[in-house]
Amino acid sequence: MKDLVLVLGDQLSPGLPSLRQLQPGDADILMAEVSAETEYVWHHRKKIAFIFSAMRHFAGELREAGRQVIYRAFDETPPCPDLASAVTDALAAGDYKRLILTEPGEWRLREEMAGWEERFGVPVVILEDDRFICSRDDFNRWADGRKQLRMEYFYREMRQRTGLLMEGGKPAGGRWNFDSENRKPASGDLFMPRPLGTEPDAITRDVLDLVEARFPDGFGDLRPFRFAVTRADAEKALDHFIAKALRDFGDYQDAMLKGEAFLYHSVLSAYINIGLLDPLEVCRRAETAWREGKAPLNAVEGFIRQIIGWREYARGIYWREGPDYVRHNELEATRPLPDFYWSGETDMACLAAAIGQTRREAYAHHIQRLMVTGTFALIAGIDPHALHEWYLAVYIDAFEWVEAPNTIGMSQFADGGLLGSKPYAASGAYIDRMSDYCAGCRYDVKDKTGPKSCPFNSLYWDFLDRNAGRLRGNPRLGPVYRNWDRMDETKRQAYRDRARAVLNAL
Ligand code: FAD
Ligand code: DLZ
Ligand code: SF4
13 MKDLVLVLGD QLSPGLPSLR QLQPGDADIL MAEVSAETEY VWHHRKKIAF IFSAMRHFAG
73 ELREAGRQVI YRAFDETPPC PDLASAVTDA LAAGDYKRLI LTEPGEWRLR EEMAGWEERF
133 GVPVVILEDD RFICSRDDFN RWADGRKQLR MEYFYREMRQ RTGLLMEGGK PAGGRWNFDS
193 ENRKPASGDL FMPRPLGTEP DAITRDVLDL VEARFPDGFG DLRPFRFAVT RADAEKALDH
253 FIAKALRDFG DYQDAMLKGE AFLYHSVLSA YINIGLLDPL EVCRRAETAW REGKAPLNAV
313 EGFIRQIIGW REYARGIYWR EGPDYVRHNE LEATRPLPDF YWSGETDMAC LAAAIGQTRR
373 EAYAHHIQRL MVTGTFALIA GIDPHALHEW YLAVYIDAFE WVEAPNTIGM SQFADGGLLG
433 SKPYAASGAY IDRMSDYCAG CRYDVKDKTG PKSCPFNSLY WDFLDRNAGR LRGNPRLGPV
493 YRNWDRMDET KRQAYRDRAR AVLNAL
C-alpha cells in the first residue's frame, strides 16, 4: 500500500519534508485547487492566478521527476469544494496506508486537520515545516521568560546561528544594524530598476482565463500578469534584484514615489512564501554580493534582517500567540473599514496611490503598508480584524502566519505592544518627508486643523487623545504627550473638531 501526500498551494518546494523522504513508487501526491481556499478571504485575482499556476507548474515538475500526482483542477466537474473533500475522494479511489502532509501555515487549517485522522479513518502524519530558519520550538525557547520579545535580539541570534554577515563571531562592519543609514527619500529616476517580469506561458494563460471567468467580481486587476510561477523564473527574478536593485535597497528602503510601485524592493516575498525560493539561499546570495563588492553593507544587512529577522520572528509570534491572536483589539477600535480601501477612491493622494497600486499589482512595499494604509487605519480607529482581513486579501504574498503579526501587532498595536514598543502613529509630516505624494494632494500637509488640512494631522493628535488612558504611560510616548499637554485648550479642541469632521466624512 502507498501513502497519500497532500501538498498545499504554498508548499511548492521539492525539499518539502513530506516529499523528500519518499521514493516515487511509495506515494501518490495530491494537489487540489479548491473554492474554500479561494474564499476564506476575498483574494486578489492575481493571487489566485499565481497560486493556481504555480501549483500546476509544480505538479508538472513532480510528474517529470517520476512522481504520481493526482491533480484536482478548479474547473473540473464536479468541482472540489475544499481540501478535506479532495482527500476524501482520493482515499475512496485508492488504497492508502497513511495520509502525510507538511503542517499548513495557518491555525484555520491546522485546527481542521487535527480532526482528520478520526474523520478519514487512516493514520494522518503531519510533519513540521522546516523551510524556516527557526523552528517553532526554538522560537519558544528564545521567547520563554523574556518580558519583551524584541525583534532586534532575536535577529542577532539568527545572525549567529546562520553565520550571515559574521566575521570572527562579530557582526560585519562592527554593528548589527545599519537602519539609521536607510532612511533617504528617493527622487524619480529614469533608470530605476523594475522587477523582472515573466511572460505568461500556456499554463498561466489558461489559468488567467479561468480566473477571469470564475472570479468576475474578484478584487484587483488580473492582467497584466508578470509574476514568476516556477522556481527557475523566481531565481531569475532574484538574480535580477541582486544585480540591479540590491545596492540601493538600503538607502531607499523607506521611500515612496508616485508612479513607482517597487522602487528598490525585491518583490520576492510571494516566491519565498510559497516555496519557490529558499529564504536562506536568498540571504546567502545577498551576502555574496556584499563580499564581492557589488552591494554595500547597509543594503545587504537591511535586506537580510527583513528575512532572517522580521520574517522568522513574525512566524514565531504567530504560532506562539495562538488562534485568537487575530482577534486582539487592545485599543478597542471598532470603526468599519472605509470602502475606499477596496476601491482606492479617496482624495488623500497617499492612500489613493498605495491602494491603487495594490489593486493593479497585488503589491505595496513595506512602508506603504505600515505608514500609509496601516497608520491611517490606526489613527482613524479602524477595527483591526477588518483590516487584517483586508491585508490578507489584497497582497500576492499574504499568508496569515506573516500577515497577522505585521497587522495586528506591528501596525495596529492591537496586541498591546508585543511586537512594537510604541504604535506606528504619525502625522502627515512623515509621509511628506518620505514621499512625493503630498505635492499632488488636495489636502495641505502643513495645515493642522483647517478645512483643507491633511487628515493625518488631526487624526494623529485625536488618536493620542482618545487613547491617552492606555498610551500615556508608554515611555516612548512621554515627550509626545508632554507636547499635547503644553498646547492650549483651544488648539487641542481644534484638532478634535477637525478629526471628528474627517471621521464623519469617511
Ligand atoms: P523587500 O522590501 O524586498 O524585503 C525583502 C524580504 O524580506 C521580503 O521579500 C520578505 O520576505 C521579508 N520581509 C520584509 N519585511 C518583512 C516583515 N515586516 N515581515 C516579514 N517579512 C518581511 N509580508 C508578507 O510576506 N506577507 C504578508 O502578508 C505581509 N503582510 C504585511 C502587512 C502589514 C500591515 C505590514 C506592515 C507588512 C506586511 N508584510 C507582509 C511585510 C512586508 O511588507 C512584505 O514582506 C514586503 O513588502 C514584501 O515586498 P518585497 O518582497 O519587495 O520586500
Ligand atoms: C491561497 C491559496 C489559494 C487561493 N488556493 C489554494 C488552493 O486552491 N489549494 C491549495 O492547496 N492552497 C491554496 N492556497 C494556499 C492555502 O490557502 C494555504 O496553504 C493556507 O492558507 C496555509 O498557509
Ligand atoms: Fe497623504 Fe496628507 Fe500628504 Fe495628502 S497631504 S498625501 S493626505 S499625508
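Numbered according to this note's numbering, the sequence shown spans residues 13 to 518. For glycine and all other residues, C-beta sits at the position ideal for the given N, C-alpha and C.
Judged by DSSP secondary structure, V492 falls within the alpha helix (DSSP H) whose first and last residues are 490-498. C-alpha of I420 to C-alpha of A506: approximately 30 Å in a straight line. The C-alpha of R143 is placed about 7 Å away from the C-alpha of L28. Here K458 is exposed, its C-beta having fewer than 16 other C-beta atoms within 10 Å.
Look at K248 here: in three-state DSSP terms it is helix. Excluding residues up to 5 positions away in sequence, L113, E115, M125 lie with their Cβ nearer than 7 Å to the Cβ of I138 in the same chain. For H277, DSSP assigns no beta-bridge partner whatsoever. With contacts defined as CB atoms closer than 7 Å, F411 and G117 qualify as a contacting pair. Residue range 361-373 is occupied by the alpha helix (DSSP H) that includes Q369. Taking C-beta separations shorter than 6 Å and ignoring five residues to either side along the sequence, D156 has no partners in its chain.
The straight-line gap separating the alpha-carbon atoms of W354 and A374 is approximately 12 Å. For G117, the CB falls within less than 6 Å of some heavy atom of ligand 2. When beta bridges are read from the DSSP output, K460 appears opposite no residue. Per DSSP, reduced to three states, the secondary structure at S465 is strand.
With fewer than 16 other CB atoms across the displayed protein chains lying within 10 angstroms of its CB, Q160 is exposed. A85 is not a Cβ neighbour of L42, given a cutoff of 7 Å.
Residues whose Cβ lies closer than 6 Å to any heavy atom of ligand 3, listed in chain order: M360, A361, C362, G440, I443, D444, Y449, C450, C453, Y455, V457, C466, P467, F468. In terms of Cα proximity to G314, the closest of R327, E140, A298 is A298.
Under DSSP, E179 takes part in a beta bridge, and its partners are K182.
For V81, the secondary structure class from DSSP, reduced to helix, strand or coil, is strand.
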